[in-house]
Amino acid sequence: REVPGARSGPLGGLRFAAKANMDVAGLRTGNGSPAWQLSHPASHRTAPCVSALLRAGAVLLGVAHMDELAFSIEGSNAHYGTLENPAAPGRLVGGSSSGSAAAVASGLVDL
């Protein structure tokens, strides 16, 4: 779900994706785990780091893939798959922030 940022600011119009362990008000924080996501209610608040980006004018495009509970060094997730590096096909994006890295490398988001 897209969440627009402030109308103006130093990051005005830049797009970003929040890692799946960052709270966004109204969404369930999944932590890369379907069991976690189903067993927790939607967040009532937005993480301070996400709020700061929105206040600076950035636009939240959605939530980025991550390995389950941030517990891998290669970005693999048994439930949602393993991302390939869009900038280097055949290679892993790597790390628990693999979805964020893939989103930036593919040009889907700016930061």
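The sequence shown begins at 3 in this note's numbering and counts up one residue at a time. Using N, Cα and C, we set each Cβ at its ideal position, and we do this for glycine too.
Just so you know, the alpha carbons of residue 98 and residue 6 end up roughly 26 Å apart. CA-to-CA, the gap between residue 44 and residue 89 works out to about 34 Å. Here the C-alpha atom of residue 74 lies approximately 32 Å from the C-alpha atom of residue 59. In its chain, beyond the 5 residues on either side, 19, 66 and 111 have a beta carbon closer than 7 Å to the beta carbon of residue 105. The C-beta distance from residue 68 to residue 100 rounds to 7 Å, short enough to fall under 8 Å.
Around the beta-carbon of residue 22, 16 or more other beta-carbon atoms lie within 10 Å, marking it buried. Beta-bridge analysis with DSSP links residue 17 to 61. For residue 61 against residue 17, the beta-carbon gap comes to about 5 Å, under 8 Å, which counts as contact. If only complete runs of 4 or more residues are kept, the stretch 40-91 shows the alpha helix (DSSP H) at 50-57, in order along the chain.
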